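Chemist:
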Amino acid sequence: MYDPVRVRRDFPALDQNVNGKPLVYLDNAATSQKPRAVLDVLDAYYKRDNANVHRGIHQLSQRATVAYEAARSKVAGWIHAPDESEVIWTRGTTEAINLVAIAWGLDNLSEGDEILISVLEHHSNIIPWQILAARTKATLRYLEIDDEGRLVLDDLESVLTDRTKMVAISDVSNSLGTINPVKEITRAAHAVGAIVLVDGAQGAVHTRVDVQDLGCDFYAFSGHKLCGPTGIGVLWGRKELLETMSPFQGGGEMIHIVDRDESSWASVPHKFEAGTPNIAGAIGMGAAVDYLSNLGVEHIEAHEKEIMAYAMGRLLEVPDIRIYGPSSLEERSAVISFTLGDAHPHDISTILDMDGVAVRAGHHCAQLVMKHFGVSATARASFYLYTTKEDVDRLVDGLGQVTTIFG
Amino acid sequence: MYDPVRVRRDFPALDQNVNGKPLVYLDNAATSQKPRAVLDVLDAYYKRDNANVHRGIHQLSQRATVAYEAARSKVAGWIHAPDESEVIWTRGTTEAINLVAIAWGLDNLSEGDEILISVLEHHSNIIPWQILAARTKATLRYLEIDDEGRLVLDDLESVLTDRTKMVAISDVSNSLGTINPVKEITRAAHAVGAIVLVDGAQGAVHTRVDVQDLGCDFYAFSGHKLCGPTGIGVLWGRKELLETMSPFQGGGEMIHIVDRDESSWASVPHKFEAGTPNIAGAIGMGAAVDYLSNLGVEHIEAHEKEIMAYAMGRLLEVPDIRIYGPSSLEERSAVISFTLGDAHPHDISTILDMDGVAVRAGHHCAQLVMKHFGVSATARASFYLYTTKEDVDRLVDGLGQVTTIFG
Amino acid sequence: MESPQLSSLYQQLILEHYRNPRNKAELDEKTVEIHMANPVCGDEIRLQLRIEGDHIAEAKFVGSGCSISQAAVSMMTTRLQGANLVEADALAKRFTEMMHGDETAAKDKTLGDLRALEGVSKFPVRIKCALLGFDALQEALKKEVGEVGGVGGDLN
Amino acid sequence: MESPQLSSLYQQLILEHYRNPRNKAELDEKTVEIHMANPVCGDEIRLQLRIEGDHIAEAKFVGSGCSISQAAVSMMTTRLQGANLVEADALAKRFTEMMHGDETAAKDKTLGDLRALEGVSKFPVRIKCALLGFDALQEALKKEVGEVGGVGGDLN
Ligand SMILES: Cc1ncc(COP(=O)(O)O)c(C=O)c1O
Ligand SMILES: Cc1ncc(COP(=O)(O)O)c(C=O)c1O
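So the protein lines, in turn, are chains A, B, C and D.
Numbered according to my numbering, the first sequence spans residues 1 to 407.
Numbered according to my numbering, the second sequence spans residues 1 to 407.
Numbered according to my numbering, the third sequence spans residues 1 to 156.
Numbered according to my numbering, the fourth sequence spans residues 1 to 156.
1. If you scan the stretch 171 to 229 of chain B from start to end, which runs of the beta strand (DSSP E) of 3 or more residues do you find wholly inside it?
2. Give the residues from the stretch 59 to 90 of chain A that approach chain D closer than 7 Å (Cβ to any Cβ), ordered along the chain.
3. Are the beta-carbon atoms belonging to F406 (chain A) and T378 (chain A) less than 8 Å from one another?
4. Which whole-angstrom value is the C-beta distance of I279 (chain A) and A64 (chain A), which I expect to be below 8 Å?
5. When every heavy atom of ligand 2 is checked, does at least one fall within less than 7 Å of the C-beta of H363 (chain A)?
6. In chain order, what are the residue ranges of uninterrupted alpha helix (DSSP H) at least 4 long that sit wholly in the stretch 30 to 85 of chain A?
7. What in chain B is Cβ-close to H224 (chain A), meaning under 7 Å?
8. Output yes or no for whether 8 Å exceeds the beta carbon distance between G133 (chain D) and I68 (chain D).
9. Are G284 (chain A) and L42 (chain A) closer than 8 Å when you measure CB to CB?
10. Identify every run of the alpha helix (DSSP H) within the stretch 93 to 118 of chain B, keeping only runs that are complete inside it and at least 4 residues long; order them along the chain.
11. Quick one: using the 10 Å Cβ neighbour count with 16 as the cut-off for buried, is L329 (chain A) buried or exposed?
12. Under the DSSP definition of a beta bridge, which residues are partnered with I51 (chain D)?
13. Kindly indicate if chain C contains any beta-carbon less than 8 Å away from that of A29 (chain A).
14. Does the count of Cβ pairs from the stretch 166 to 184 of chain B and the stretch 31 to 42 of chain B closer than 8 Å reach three?
15. Got a sec: does ligand 3 put a non-hydrogen atom nearer than 7 Å to the Cβ of A201 (chain B)?
16. Grab the span of the alpha helix (DSSP H) containing N38 (chain C) for me, first residue to last.
17. So if DSSP puts S3 (chain D) in a beta bridge, which residue, or which two residues, is it bridged to?
18. Counting only beta-carbon atoms, is I57 (chain A) nearer than 8 Å to chain D?
19. Distance cutoff 8 Å, beta carbons only. Does V86 (chain C) sit that close to anything in chain B?
20. Looking only at its own chain, which residues have a Cβ that is under 7 Å from the Cβ of A343 (chain A), when we skip the five neighbours before and after it?
21. Pairing CB atoms from the stretch 129 to 137 of chain A with CB atoms from the stretch 93 to 111 of chain A, are three or more of them under 8 Å?
22. How big is the Cα-Cα spacing for S293 (chain A) and L214 (chain A)?
23. Is G474 (chain A) a contact residue of ligand 1, with contact defined as CB to any heavy atom under 7 Å?
24. Going by beta carbon distance, what residues of the same chain come within less than 6 Å of I232 (chain B), once the five residues before and after it are set aside?
25. So, are the CB atoms of P50 (chain A) and T164 (chain B) less than 8 Å apart?
26. From A:V359, A:L60, A:S327 and A:H303, pick the residue whose C-alpha is nearest to that of L60 (chain B); which is it?
27. Which residues in chain B sit within 7 Å of Q81 (chain D), going by Cβ to Cβ distance?
28. Can we say the stretch 116 to 126 of chain D touches the stretch 2 to 9 of chain D, given the rule of at least three CB pairs closer than 8 Å?
29. Counting beta carbon pairs with one atom in the stretch 254 to 270 of chain B and one in the stretch 125 to 132 of chain A, are three or more of them shorter than 8 Å?
30. Entirely within the stretch 282 to 332 of chain A and at least 4 residues each: give me those alpha helix (DSSP H) ranges in chain order.
31. Within its chain, find whatever has a CB closer than 7 Å to the CB of V32 (chain D); leave out the 5 residues flanking it on each side and keep chain order.
32. Anything in chain D within Cβ reach of H363 (chain B), meaning under 7 Å, just list it in chain order.
33. So, do the stretch 74 to 88 of chain A and the stretch 226 to 243 of chain A have three or more beta carbon pairs nearer to each other than 8 Å?
34. Is the beta carbon of G252 (chain B) within less than 7 Å of some heavy atom of ligand 2?
35. Please say whether F373 (chain B) and Y324 (chain B) have beta carbons closer to each other than 8 Å?
36. Could you check how far apart the C-beta atoms of L395 (chain A) and L26 (chain A) are, in whole angstroms? I think they sit under 8 Å.
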């Protein structure tokens, strides 16, 4: 039986008081806490194996290289990548998307070409395409969202044309929790010959992902949101594509032969990994997917569903609350964005914080979503594998305080 | 009194056997080991304060933000940056140089302009400029080196012209240890109106650096080579320059207002820091400069000088050894590149490794230097604050084995 | 049930200004307008002043944000109508000192109603909210004084 | 004083081939040339073959690198003169097996002198060195067979 209270104990940061109250951490969509298993691996790496990778013959360098490449293969397994050399280490989702926008985009787009994204995207899946569009004179187009924050796909066929070269879409929205039909969108995009990038920052976090089943060309996600360390993430790409692409950054590790005027590149994935990588970060991310796999993703998913159902039920009882995003729980992940009466989200967050309850308040790097709903900010509670019903109760109690002050 | 044996004890990784012998770690130019003080800070961050920065009102997010920004200010102090907002976090030196090549280079170079680097540079300070030159049709020029691996500066005045827009030079060579006269080069470069970037990967490591005294415009270095974690480094730049530059990557954290077609940027340094940063890495790098400062950089410097003098003396006794780089110890940092008879450096490294002695063998990401000396590789021993004379003796003993096998 | 810190933060006067902001409107004959935003949280205001000679003839603002930022700018504008430029600048500085925990500033009667915001100084992340309006004011004064000339000396 | 592992790695035969490599020269009438490098350490060779029909008429190489890579390719070329393509391919596969620790392969007499390299399999980072020449051979065979056609089946 999956016991969130036992799982909690794996996470040292959850065992603390904040403003005199036991911490309730509901800011998981921003970043997750880290289990002791991951922290121990980081510590052991630095205490035993630390060395630069791929360049050394001595023991430590060998061990570091083996651990680093083993982590690549673990992460490849997490998303069912057919080949571990398709996994490129990046700082996170943001860098992964920028990598594609630059190393694929600059060579493949020109005036009149179109990039399709959506209003639902995180800024990290908007700005790189705006910059690319400005540089290449390509046009940036948007899929719209409806009143429940779901993508409007009725006009998908008309929006996708043979000018559409790139479709970049998140599988799960970080601001509303909407789960997008990326498989369907991918199929339609491929039908017009477009390349599909999936922003998986909120997708590969709660469950394993199958990039082969999704059928997409690129998949980007971050370690820090899935129990891993900061400063590490992954771009997965189809090998044939990666092989045709220009490098991203220049430097050590990514070269084959360097001459004064010209150089040749190492093979995939190293071509895209210039400089000393975040070795400990990669190894830690490997440990994180091990940790999640060992718990069993099906249990984690079931638990989060249960928490979501419970939270939604309890929050809907709160007077004057407005909840954004899909009303059907089937269409959402473990995120609830809301406002409460005329209390501003920052005030909600401050009041909850005094009660030890951590939620996020703001635009959640999704200003276009905020504009769509005519608000400047929302409060957001996001749940994870260690969230308990008691945590949700504490949130609801805290909202009672907000009503007392602002009611 | 500075006691390297006591300092060693701060570094857990140094306390282990490799192939049955106590480890002698002489691969510090590739990456340094980490003191317990840094590892404890990393661990404490994840166990107590872990949260995403700059976006949250709750306690953990506040604490994480305060620690993260405090680290920026520590690192600014380490290089005497006049303003901590001039410190931009990157993955390392390589990314820092790429950032300048892209965010400054693309807008400021065009056909006929010249970039001046040197034959002594690490690939990370060559390839970004090759790529930039190819993109902008600018010309890449090289300062040559002499038989002792020192920059030839006689013709500096003729190489620098009003077409020279960028001079990018390392303050210390990683392959030979040569200390370059960057202050002098900077003065000459500024006289023709060029911008100067200093690759400080090997410079800011053994001592504090004074970017104001150097007079350069950009300074790049890595955390992992100075007792800090992997995946973090710094680009320092003069504020007026940074403010005029385009952003680097697009995403969360670096925006001000996002509209569908266009966005505006956050102020420096955030404009250059898209996405969730390596928060723990930054905090760990802050702890690393604290650690070094507490030991006293003048003591570290004096110790390394002593070790270098001892090592050079002992190595010169080894029959058939050939040592590359400056003969004067005043002109070198704690790096000794060498070959031994006809034993290939890989074979040297394997034989030393069986004795627990870790050195690097290869081109050290400096293929142009290897070509200059007509070798494909060298063995390299590099020293750091914890290197002892006994370590050097073990190296010399190991080389005896090489001679036994290959002699 | 409510913590004393929260009660001191959310004083009735603040909530009242949040709900009924004073001088919240476009100012047609403005001589200077400053847009100030906190990109981190999305609070933003446009402060509009009509400066005549050495004083502020009229002050209005538009914007949106949390109770603290909106109440603070509302209260501020009530103090700016007809205020001398040097006094306005002094007010901004005094308020900023109070936000940074200066106890004499917090006791300074010249701050008037603005002292209701003292509790914000105990909430580090919210200090920026309270300062949004005054930061805009200081920028407006700098800009305007650059143009009017003369009064400058005292303002920096 | 020398460790047994090191003695088994650096056998006299290996050092002898390293110092006096066989068939190290440009081959003028080559039908195929493969450049193979280990960018990590800088070892590199160019393997040059003259293939006539179903056999290798002549094999030479040029290159530089560590004792293991250079001795292995030198020994390999001595075996390739006149060798049948299918046999050459089988030799490459057998040698690769030995490098990956396969004990029957290590006992396989058909490897001949190449068995002196068995000790390399105990040094994981050096295995790539030993395989450099044979990797080049396999690539050459693939390329050539693609062009000659026919013999292909057995090679993959
Ligand atoms: C002189 C020099 N420049 C640049 C680099 C690249 O640093 P990093 O690999 O940390 O990006 C290094 C180290 O590898 C170096 O020694
Ligand atoms: C949907 C989505 N995309 C992209 C990102 C950016 O991820 P990171 O900040 O780790 O680069 C995030 C998280 O912040 C996200 O939730």
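Think of the CB as a built atom: it goes at the ideal place given N, C-alpha and C, for glycine as much as any other residue.
Source: prediction; values computed, not measured.
Modeler: So, from the data block:
1. 195 to 199 and 218 to 222
2. Q62
3. no
4. 6 Å
5. no
6. 36 to 44 and 59 to 78
7. T276
8. no
9. yes
10. 93 to 99 and 105 to 108
11. exposed
12. D:I56
13. no
14. no
15. Ligands present in the displayed structure are limited to ligand 1 and ligand 2, and ligand 3 is not among them.
16. First-last for N38 (chain C): V32 to N38, but that is the beta strand (DSSP E), not the alpha helix (DSSP H).
17. Paired residues: none, contrary to the question.
18. yes
19. no
20. V402 and F406
21. yes
22. 20 Å
23. Because chain A spans 1 through 407 in this model, residue 474 (chain A) falls outside it and cannot be assessed.
24. G223, N278, G281, A282 and M285
25. The question names Pro, but residue 50 (chain A) in the sequence shown is Asn. No, they are not a contact pair.
26. A:V359
27. Those do not exist, as Q81 (chain D) stays about 26 Å from chain B at its closest Cβ, beyond 7 Å.
28. yes
29. yes
30. 297 to 316
31. L49, I51, A140, K143 and E144
32. G42
33. yes
34. yes
35. yes
36. 6 Å
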